[in-house]
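Remember, this note's numbering sits 232 above the position in the sequence shown when you count from 1.
Each residue gets a CB set at the ideal place from its N, CA and C atoms; glycine is no exception.
Note that the structure is predicted; figures quoted are calculated from it, not measured.
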Amino acid sequence: MAARPVSRMLQRVLRSSVRRCSSGAPVTQHRPGEPSRTAAEELSRRRQFLREHAVPFSAFLTDSFGRQHSYLRISLTEKCNLRCQYCMPEEGVPLTPKADLLTTEEILTLARLFVKEGVDKIRLTGGEPLIRPDVVDIVAQLHRLEGLRTIGITTNGINLARLLPQLQKAGLSAINISLDTLVPAKFEFIVRRKGFHKVMEGIHKAIELGYSPVKVNCVVMRGLNEDELLNFVALTKGLPLDVRFIEYMPFDGNKWNFKKMVSYKEMLDTLQQQWPELEKLPEEESSTAKAFKIPGFRGQVSFITSMSEHFCGTCNRLRITADGNLKVCLFGSSEVSLRDHLRAGASEEELLRIIGAAVGRKKRQHAELPLMLQDSPPAISSQDPFHVQGIRHRVSFSNRMSTWWKGCWVSRTPPLGQRWSNSPQRHCSSHLDSDANPKCLSAVSGAPATPSGPLPTSDHLTHVDTEGRAAMVDVGGKPDTERVAVASAVVLLGPVAFKLVQENQLKKGDALVVAQLAGVQAAKLTSQLIPLCHHVALSHVQVRLELDAARHAVGIRASCRAWGPTGVEMEALTAAAVAALTLYDMCKAVSRDIVLGEIKLLSKTGGQRGDFHRT
Numbered sequence: 233m234a235a236r237p238v239s240r241m242l243q244r245v246l247r248s249s250v251r252r253c254s255s256g257a258p259v260t261q262h263r264p265g266e267p268s269r270t271a272a273e274e275l276s277r278r279r280q281f282l283r284e285h286a287v288p289f290s291a292f293l294t295d296s297f298g299r300q301h302s303y304l305r306i307s308l309t310e311k312c313n314l315r316c317q318y319c320m321p322e323e324g325v326p327l328t329p330k331a332d333l334l335t336t337e338e339i340l341t342l343a344r345l346f347v348k349e350g351v352d353k354i355r356l357t358g359g360e361p362l363i364r365p366d367v368v369d370i371v372a373q374l375h376r377l378e379g380l381r382t383i384g385i386t387t388n389g390i391n392l393a394r395l396l397p398q399l400q401k402a403g404l405s406a407i408n409i410s411l412d413t414l415v416p417a418k419f420e421f422i423v424r425r426k427g428f429h430k431v432m433e434g435i436h437k438a439i440e441l442g443y444s445p446v447k448v449n450c451v452v453m454r455g456l457n458e459d460e461l462l463n464f465v466a467l468t469k470g471l472p473l474d475v476r477f478i479e480y481m482p483f484d485g486n487k488w489n490f491k492k493m494v495s496y497k498e499m500l501d502t503l504q505q506q507w508p509e510l511e512k513l514p515e516e517e518s519s520t521a522k523a524f525k526i527p528g529f530r531g532q533v534s535f536i537t538s539m540s541e542h543f544c545g546t547c548n549r550l551r552i553t554a555d556g557n558l559k560v561c562l563f564g565s566s567e568v569s570l571r572d573h574l575r576a577g578a579s580e581e582e583l584l585r586i587i588g589a590a591v592g593r594k595k596r597q598h599a600e601l602p603l604m605l606q607d608s609p610p611a612i613s614s615q616d617p618f619h620v621q622g623i624r625h626r627v628s629f630s631n632r633m634s635t636w637w638k639g640c641w642v643s644r645t646p647p648l649g650q651r652w653s654n655s656p657q658r659h660c661s662s663h664l665d666s667d668a669n670p671k672c673l674s675a676v677s678g679a680p681a682t683p684s685g686p687l688p689t690s691d692h693l694t695h696v697d698t699e700g701r702a703a704m705v706d707v708g709g710k711p712d713t714e715r716v717a718v719a720s721a722v723v724l725l726g727p728v729a730f731k732l733v734q735e736n737q738l739k740k741g742d743a744l745v746v747a748q749l750a751g752v753q754a755a756k757l758t759s760q761l762i763p764l765c766h767h768v769a770l771s772h773v774q775v776r777l778e779l780d781a782a783r784h785a786v787g788i789r790a791s792c793r794a795w796g797p798t799g800v801e802m803e804a805l806t807a808a809a810v811a812a813l814t815l816y817d818m819c820k821a822v823s824r825d826i827v828l829g830e831i832k833l834l835s836k837t838g839g840q841r842g843d844f845h846r847t
């Protein structure tokens with residue numbers, strides 16, 4: 233590194249009038265009577281100095297395709313305080329023994345080596361990095377490394393508001409916060425934990441402390457949160473956010489299916505329909521994001537197109553796992569243990585040869601992209617925005633968010649359970665309807681089933697061919713009509729579980745909200761659960777739950793609507809049944825003497841066989 237002595241000479245020459253920061257960049261001493269520089273001005277000055285006195289890039293970190301790896305991601309822990317459904321199973325994953333994880337000193341030793349060779353950006357990841365007790369000290373130690381320009385962190389935000397002031401003082405310069413929904417109840421469903429308001433508080437704190445932009449990472453999943461794209465973008469109107477929509481990616485623990493992925497082009501089309509003036513921003517070198525901005529908005533939106541349009545050709549990233557393995561590609565399976573060589577007493581030169589060999593073997597691109605991703609899968613309509621009766625009032629999204637961002641949202645938006653625990657009559661609906669009757673659950677009344685109206689029947693099973701084998705019905709020649717179906721179910725909880733549900737005191741969380749969301753999700757996935765069902769693009773799903781104190785029961789009513797050649801009674805029945813099963817799952821730790829029953833079709837309209845109404 234021939235240029236380093238030159239850099240040191242410059243520092244000695246400048247020492248009489250300036251002090252040094254950890255990178256060697258001059259930082260002017262503040263003199264009395266002179267206006268002090270802002271943090272942003274000082275950071276800009278530091279970056280300019282580093283650009284002008286950059287050292288030659290290391291051959292050890294340059295691969296056979298000429299890609300220079302100047303960005304290192306270090307996992308501080310395998311542990312996480314959430315259980316996101318696309319990331320890991322509810323019970324968690326087997327953890328590496330503590331003795332096999334990198335110590336703080338080993339992390340800093342490796343970081344020091346990589347920075348010396350040209351890495352100028354380090355991002356701390358996990359697991360959840362902010363649950364590591366010495367994370368602030370690690371940031372402070374990294375900040376002292378000469379040549380390191382950026383220290384970032386990717387966090388779920390649960391502990392961010394509490395730790396960020398200390399992290400900022402230690403030298404943290406960039407923040408990415410993971411948030412996949414703006415609906416508190418859906419947040420709890422996705423991550424299997426409470427904490428939505430802590431994440432929002434963390435985002436608010438980051439803006440308050442001057443981070444700009446604050447990056448918000450949103451993994452977009454078909455059938456779960458693709459209906460919130462516009463709401464996320466609306467946040468950037470008045471806030472310095474970079475909302476980054478990430479294509480759902482395959483990992484071992486998330487049972488990946490390409491049908492769940494919403495492609496960049498599909499997301500972009502959705503945004504352009506609402507904001508035709510959306511402008512593409514110039515792409516930064518080695519950036520993984522395609523950035524856009526709406527004129528007049530403070531923030532911007534970006535797309536991480538890992539699956540549909542990979543960015544392998546400009547990849548400059550390396551990763552060190554919590555147990556000390558070097559990964560040259562996130563999607564690759566090959567790893568090299570730097571921990572083992574460190575503990576065996578390897579010299580710096582030996583470590584560099586090992587790192588250089590691994591980087592040299594890096595492939596041109598990751599090989600695990602399914603070919604079918606070249607074309608976007610058919611869109612599944614999910615227009616219902618998961619409004620939950622008794623939880624949110626029908627106010628505009630922007631008004632609700634502005635209340636949060638004025639710093640008052642914590643007190644104005646109490647926890648879900650608090651809002652319901654004082655109510656003797658709890659009920660939950662996935663859709664607000666001013667004409668809805670809150671006592672409309674006919675399933676609870678136990679009325680006898682009596683078909684009404686014409687109901688032509690078939691004299692044979694339609695899902696069996698002439699030889700008795702299972703076969704899907706061909707609906708290609710049927711006319712498109714409006715199809716509506718309503719189904720119900722009842723869950724007899726017993727007095728103990730019923731009281732806990734009524735008061736929202738279950739340890740797993742709000743049973744009614746989770747069951748309601750599960751019912752909506754199930755309706756949209758019916759064709760994947762029932763083999764011979766056709767896929768139906770639902771235009772509306774509604775799931776209502778109501779407590780029946782006399783029977784210690786929960787009544788469930790699910791309705792589905794679509795326009796097409798086939799009915800939606802299976803979707804309605806699936807929604808009611810899965811909501812009932814979810815209630816059982818939420819309550820089984822309290823009692824297994826729970827009875828699921830009365831799952832039935834209440835009505836259906838549309839189609840050649842006429843209407844059906846159960847009275």
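| Asked | Found |
| --- | --- |
| Cβ pair count under 8 Å reaching 3, the segment 815 to 829 against the segment 707 to 717 | no |
| Buried versus exposed call for PHE297 [16 or more other C-beta atoms within 10 Å across all chains shown] | exposed |
| Assigned secondary structure, LYS418 (DSSP; H/G/I helix, E/B strand, else coil) | helix |
| Residue from GLY379, PRO514, GLU778 whose Cα sits closest to the Cα of GLN748 | GLU778 |
| Cβ-Cβ separation, VAL773 to LEU815 (assumed contact under 8 Å), whole Å | Wrong, their Cβ atoms sit about 18 Å apart, outside the cutoff. |
| Simplified DSSP state of ARG575, which is helix, strand or coil | helix |
| Sequence-distant residues of the same chain with beta carbon closer than 8 Å to LEU334, five excluded per side | LEU342, ILE552, ALA554, ASP555, GLY556, ARG571 |
| Inside the segment 348 to 421 only - alpha helix (DSSP H) runs reaching at least 4 residues | 367 to 375, 392 to 402 |
| Distance between beta carbons of LEU725 and HIS784, contact taken as under 8 Å | 5 Å |
| Complete alpha helix (DSSP H) runs within the segment 766 to 840 (minimum length 4 residues, chain order) | 801 to 819 |
| Straight-line Cα distance separating GLU580 from GLU515 | 36 Å |
| Paired residues, beta bridge with GLU714 - DSSP | TRP795 |
| Those residues which DSSP pairs with GLN300 across a bridge | THR294 |
| Where CYS450 sits in the DSSP three-state scheme | strand |
| VAL371 Cβ short of 6 Å to the ligand FAD heavy atom set | No copy of the ligand FAD appears in this structure; indeed no ligand is present at all. |
| Minimum C-alpha distance to GLY588 - residue among THR502, VAL800, GLU349, ASP817 | GLU349 |
| Alpha-carbon spacing of MET320 relative to PRO763, whole angstroms | 26 Å |
| Simplified DSSP state of ASN463, which is helix, strand or coil | helix |
| GLU479 - partner residues in DSSP beta bridges | VAL452 |
| Distance, PRO472 Cα to ARG394 Cα | 21 Å |
| DSSP bridge partner residues for PHE524 (one or two, in chain order) | LYS512, VAL533 |
| Continuous beta strand (DSSP E) stretch holding ILE435: start and end | No beta strand (DSSP E) contains ILE435, which is instead part of the alpha helix (DSSP H) from 428 to 440. |
| Bridge partners - MET493, DSSP secondary structure assignment | MET453 |
| Stretch-stretch touch, CB-based, cutoff 8 Å, three pairs: the segment 500 to 509 with the segment 440 to 452 | no |
| 7 Å Cβ cutoff met for ALA790 and ALA804 | yes |
| Proximity below 7 Å, CB of VAL347 to CB of LEU377 | yes |
| Which of helix, strand or coil DSSP assigns to ALA754 | helix |
| Where the beta strand (DSSP E) containing PHE844 begins and where it ends | 844 to 846 |
| Assigned secondary structure, LYS724 (DSSP; H/G/I helix, E/B strand, else coil) | In the sequence under discussion, the amino acid at residue 724 is Leu, which differs from the Lys named in the question. Reduced to three states, the DSSP call for LEU724 is strand. |
| Span of the alpha helix (DSSP H) around LEU583 | 580 to 592 |
| Rounded C-alpha distance that separates GLY531 from ILE478 | 17 Å |
| Sequence-distant residues of the same chain with beta carbon closer than 7 Å to THR520, five excluded per side | ILE536, PHE543 |
| Three-pair Cβ contact test at 8 Å for the segment 367 to 384 versus the segment 404 to 418 | yes |
| 7 Å Cβ cutoff met for ILE409 and GLY389 | yes |
| Test item: CB-CB of MET432 and MET493 under 7 Å | no |
| Proximity test, Cβ basis, 7 Å: GLU337 and chain B | Checking the listed chains, one finds no chain B in this structure; it contains a single protein chain. |
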